[in-house]
Structures are given as C-alpha cells and as structure tokens.
Amino acid sequence: MTEKNKIIKIGVLFSLILTSLINAQDSRKITLAVMDFKNNSSTMRYDRLQRSIPEMLKTEISRYPEIAVVERKKIESILREHALAQAGFIEGEQAQEVARLAGAEYLITGEINTPNRQLRLDAHLIKVASGQIMGEKVSGRNEKQIEAMIKLLANNFIFDLTGSGERKEFEKITQYQSKWALITTGSLVATTTVFHFLYSYNYDKYHKTSHLDKFNYYYDRANGYHKTRNILMVLTSASALTTFILWQSDRSEGNKIYANRMNKKLETVRPKVALGILPQYDGWTVSFGIKF
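Here the working numbering = 1-based position in the sequence shown + 257.
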C-alpha cells in the first residue's frame, strides 16, 4: 500500500467519523413544533399576533442548538394533506397529531387573552407522546411589550426543555440607568463640596488679608469659585431629580412583564366498554360495545 493510499484512507475514515458525530449530535436534538396562537380576546388588532407570535417564538428558540424547530412549511403541508388548512385554528388532539406527523417530540400551542385590559399569552408546552402539558402565562400591558414577552416565554420553555439558563418570574422592559445616574450625582456632590470649600477658604482669606495685592487676588479667586459652585449646585439638583425619576421608573410595575407557571395534563380519550344483557322472546341476548 502506497503512502498516498494510506492518506486517502485516513481522510475517508476521518470524514466518516466526523459525519457520525454530527449525525449523533443532531439525533440528540429536541424536535419542537409551534402552532398558531388563538386570539380569544375581543381586540381585533390582536388577530395579526396569531401568526406573528409563533414566528417570533421560533426565532428565539432556534438560537439554541439543542432544539430543532419544525419549519412552518412542513406543518402547512401536513395541514393541506389532511384537509385541515381550511379548518382555521386547530388545537387539542388535532394539533398533537399534526406535530406527530411532523416528527416533533414537543408542541407549543397558545391563546391570546386580555384580562383587566392587559395582554396575556397562555402558552402550552405539550409532550406529544404522553400528552403532558407544561403551561406558562406571560402578562404585559399591551402589544408594545410583545417582543419582551416572547423572550421571557422562550427563556422559560428552553429551561424546561434543556435545563439551560434559569427560569425567570419577571423581566424588566427597559433597564433604566439609575445606577449610573446615582454615580453621576454623587460625583457632582463631591465636586460641589470641593468648590464650596475653595470658595470659603479664599473668601475667608479675602476678609483677613491686609495687603492690597492679596486683597484682589483672594477676591477674584473667591468670586470664581463661588460662580462655579453655584453652577455645580444647579447641575447636582438636576442630576438628583433625574436619578429619582429613573429609580422610580425602574421600580414601576408597568416596566415589568410577569411569567406564571401552570401545570396540567392533557385529557386522554379512553374507550368506554359497555356490556348489556337484553331479554328476547326466545331467550337472552348479550351485547358488547366499545364507545370512543
């Protein structure tokens, strides 16, 4: 065997090993299907969220390599094939069957609700094989917070599926920089104090000196420090007010979205067995039936 053939065989073997590793990694991925959300509210503009929410949710979940999300085209193809495309919103066992046909291990369905004039997403993570459900409710003020709501929902479902990251009970919409505003205010207070000390020192020297040249020198310095101190006092007051406003905004309930977990199991349809004994003119008839 020549050296060239050895190199070729080693290369082929390496390629096969690499392909096997990639395939093994892909086989360990969790397969997930996301169905359209149903708008249960009376707000018509939320109808557009029925399709956009699943797309946004798939985008967020697809960032994690441990999860493979079924493409929408594949789901739509199955719906057309089984004459469900015109049925509108599908749920329950129909949705499970579509997910199973798509090769998904898990399925996400959900509803859009508006309790107390808030926007709430009631999402369900369903294990297709067993019908077990992990429910998650995410609440916000309105559709302007939908992106943050989707991120929180995706984060918690990813944690449930893979254990990656941590579960979050709430998420802030905007991270107001109150910490940096507080640092700025503290720096201005310290600087103002220094200039006040310099003003007081030169003002005191101005009153105590008996030399004419020193008199003008300390007067000019005290006057300059006095003006600078006053400007800094105005800036410090404005910074302190800004810090307070940012702190209040950061703590306000309107700046948060909340997630609540709800666990339940999907009802399994079991056959009902009926046994009946009926009298007849020529004897007795035993009937046996199975009802679904």
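We put the CB at the ideal spot given by N, CA and C, even for glycine.
Alpha helix (DSSP H) containing residue i: first to last residue?
i    : result
E317 : 306-318
V491 : 469-508
R337 : 329-338
R377 : Here R377 belongs to no alpha helix (DSSP H); instead the beta strand (DSSP E) covers 376-384.
Hey, could you find the ends of the beta strand (DSSP E) residue i is sitting in?
i    : result
Q389 : 389-397
Y363 : 363-370
Do residue i and residue j have their C-beta atoms within less than 9 Å of each other?
i    : j    : result
A516 : K394 : yes
Q353 : L364 : yes
A386 : E362 : yes
G397 : I390 : no
E428 : L409 : yes
A359 : I383 : no
L445 : L489 : yes
I324 : I407 : no
Once DSSP output is grouped into helix, strand and coil, what is the label at residue i?
i    : result
R527 : Low confidence applies to R527: its pLDDT is 36, below 50, so where it sits in the model is not reliable, and the reading given next is rough at best. Note: R527 maps to coil in three-state DSSP.
V291 : strand
R518 : strand
H464 : helix
K401 : helix
D283 : Annotation note: pLDDT 45 at D283 (below 50); position unreliable, no value reported.
G349 : helix
G443 : helix
S435 : helix
S457 : helix
G422 : coil
Run through the DSSP bridge pairs and tell me what residue i is partnered with.
i    : result
E428 : I514
A359 : Beta-bridge pairing links A359 to no other residue.
A325 : T288
N296 : I369
For a cutoff of 9 Å on Cβ pairs, would you count residue i as touching chain C?
i    : result
A411 : You won't find chain C in this structure, because it holds only one protein chain.
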